[in-house]
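The numbering of the sequence shown is our numbering, which starts it at 2 and goes up by one.
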Amino acid sequence: MPDDATARLVSKLVPNTPALVYEESELVDTASRIRRMAADAGCDLAYAMKPCTLAWVLETIAPFVTGFAASSPFEAQLGRQILDDRGALHYHSVAVTESEFEQVAELADFMSLNSITQFHARQPQSNDRVSLGMRVNPGISFVADERYDPCRRHSKLGAPIDALSTFGSRILDGLMFHTNCESDDLRHLLATVSSMERRLTQVISDLDWLNLGGGYMFREGTDTTPLRQSVEILKSRSNTKIFIEPGAAFVRDAGYIVSTVLDIFDSNGVDVAVLDTTINHMSEVFEYQFEPEVLDYQPEGEHRYILAGRSCLAGDIFGDYTFDDPLKIGDRVTFMEMGAYTQPKAHTFNGINLPDVYAYTKEGNLSLLASMKYEHFAARNGAHQHAYS
């Protein structure tokens with residue numbers, strides 16, 4: 002976990018807010034830990050790009066993994082650009098068009114198609130340019146919120162396992178599955194692998210590779226025995242290469258949003274503190290409807306505030322927080338654990354600009370990585386196509 006003292010220091014150093022800051026030390030420490038856990042279990046480690054696609058973050062993680070996992074042609078292009086020839090690129094998407102396949106087949110080393118229909122449609126295009134597999138849905142749910150459950154009823158994610166049981170030998174190079182979301186319990190993975198091994202014995206025996214997906218956080222102290230047992234079960238059938246591809250586990254703790262209090266006023270007996278950030282910048286707060294962790298929040302604090310975003314959306318609210326010291330206009334408020342799904346999901350509703358993005362390096366320097374200007378907003382809205390007097 003990031004050190005609160007460092008977060009306070011960085012929050013003061015940031016020249017302008019809102020800002021999304023990534024700590025290099027936290028990224029490196031986390032990547033080192035996950036690499037050790039994966040290596041001890043005997044599987045290759047990839048980073049699933051979707052939680053954060055910042056080039057600097059990818060470059061920081063790259064030395065600790067054997068490759069990246071992409072889910073769109075843009076991600077695939079960026080992943081290959083960063084990796085060059087230093088690692089493997091995995092690709093899986095809910096649907097792949099003919100033109101996308103042509104593009105991605107030149108970039109990826111492994112591709113998992115999402116359905117039997119997609120596999121039959123794209124296999125003739127392959128010409129051995131990419132190792133072709135399929136995503137399987139084992140049908141075992143571990144996620145309480147079905148919005149994030151890959152194995153929910155009538156799921157769109159992967160071919161049903163029963164359909165694969167008669168798919169045939171040596172048609173697939175590999176299989177990929179992903180059955181969890183932000184879990185700390187690798188026994189779920191073992192249960193999935195055990196079920197698949199029983200139901201797809203011959204299919205698994207003939208595979209070149211098997212991708213265990215992500216959805217596990219690999220925090221300090223995680224019992225990785227079930228991961229090792231899962232790998233042993235799969236490798237007992239053949240010399241199958243095993244991959245695992247966490248995403249949020251690499252980046253969640255390394256990032257935080259720094260904001261500034263713009264206004265404070267009483268609203269029916271409770272002080273509302275309006276910040277210069279918004280749920281535009283932290284979409285999962287609204288999607289999950291959770292209250293994010295805030296630096297210096299004290300459950301028994303004397304001073305209570307509703308922290309609100311600056312957009313016109315009535316529900317642009319972060320939550321109800323108490324602090325030991327009163328907030329003042331101009332104070333910094335920092336949202337912790339914002340490294341995953343913040344950068345790629347941020348948007349400009351109301352025309353509110355995206356946060357500047359910084360790296361806080363191991364040497365203690367603050368480096369600007371990205372800053373959106375009006376020109377970016379105008380181009381996205383087609384303004385470059387018109388002339389204005």
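Even glycine gets a Cβ: it sits at the ideal position worked out from N, Cα and C.
Can you say whether L10 is buried or exposed, counting buried as having 16 or more other CB atoms within 10 angstroms of its CB?
-> exposed
Open item on the list: Taking only three categories from DSSP, how would you classify Y425?
Closed with: One cannot answer for residue 425 here, as it falls past the ends of the chain, which runs 2 to 390.
**OP:** Determine the DSSP secondary structure at G80, reduced to helix, strand or coil.
**Re:** helix
DSSP state of I318 mapped onto helix, strand, coil: strand
Identify the continuous beta strand (DSSP E) that holds E24 and give its terminal residues.
20 to 24
Notebook entry, point to check: So, are the CB atoms of H91 and F244 less than 9 Å apart?
Noted result: yes
On the premise that D272 lies in contact with T261, defined as a C-beta separation below 8 Å, what is that separation, rounded to the nearest angstrom?
-> Actually they do not touch by this definition, with Cβ atoms about 16 Å apart.
Using 9 Å as the threshold, is the C-beta distance between Y361 and L21 below it? no
*Spatial distance of E101 from A274 (CA atoms)*: 46 Å
Notebook entry, point to check: Is it true that the CB of G248 sits closer than 9 Å to the CB of K51?
Noted result: yes
What are the start and end residues of the beta strand (DSSP E) that includes I307?
-> 304 to 309
### Task
Measure the CB-CB distance between S26 and F65 and report whether it falls below 9 Å.
no
How would you call A315, buried or exposed, if buried means at least 16 neighbouring beta carbons within 10 angstroms? exposed
query = From which residue to which residue does the beta strand (DSSP E) around I245 run?
reply = 242 to 245
*Tell me whether A49 sits in a helix, a strand or coil according to DSSP, three-state version.*
strand
**Q.** Simplified DSSP state of F111, which is helix, strand or coil
**A.** strand
From S116 to F287, what distance separates their C-alpha atoms? 31 Å
With burial defined as no fewer than 16 other Cβ atoms inside 10 Å of the residue's Cβ, what is the status of Y289: buried or exposed?
exposed
If you draw a straight line from the C-alpha of F324 to the C-alpha of E294, how long is it?
13 Å
Requested in this report: Quick one: grab the DSSP three-state call for S156.
Outcome: coil
| task | State the Cα-Cα distance for the pair T279 and F319, rounded to the nearest angstrom. | result | 8 Å
Query raised in the report: Distance, Cα to Cα, R381 vs D85?
Result: 29 Å
Verify whether the separation of the beta carbon atoms of D174 and T31 is less than 9 Å. no
Whole-angstrom distance between I205 and E24, CA atom to CA atom
40 Å
Next item on the list: Note down the Cα distance separating D297 from D321, rounded to an integer number of angstroms.
Entry: 13 Å
- Message: Here's the rule I'm using: 16 or more other beta-carbon atoms within 10 Å means buried, otherwise exposed. How should E76 be labelled?
- Response: buried
Quiz item: Going along the chain, which residues of its own chain have a beta-carbon closer than 7 Å to the beta-carbon of I353, five neighbours each way excluded?
Solution: T279, N281, R311, S312
Review point. Just how far apart, CA to CA, sit D409 and I35?
Key: Residue 409 is absent from the model: the chain starts at 2 and stops at 390.
(request) Measure the C-alpha to C-alpha separation of S390 and E285 and round it to an integer number of angstroms. (result) Low confidence applies here, because S390 scores a pLDDT of 36, under 50, leaving its location unreliable; read the following figure in that light. So the alpha carbons of these two residues sit roughly 40 Å apart.
key: Beta-carbon separation (whole angstroms), L191 vs S231, contact threshold 8 Å   = 5 Å
Assigned secondary structure, D209 (DSSP; H/G/I helix, E/B strand, else coil)
coil
- Message: Buried or exposed, going by whether 16 or more other CB atoms sit within 10 Å of the CB of Q119?
- Response: buried
Worksheet item: To which residues of the same chain is L151 closer than 6 Å at the C-beta, ignoring the five residues directly before and after it?
Response: Sequence inspection shows Pro at residue 151; the Leu mentioned does not correspond to that position. Contacts found: L158, H179, T180.
Q. Could you give the residue range of the alpha helix (DSSP H) that holds Y289?
A. 284 to 289
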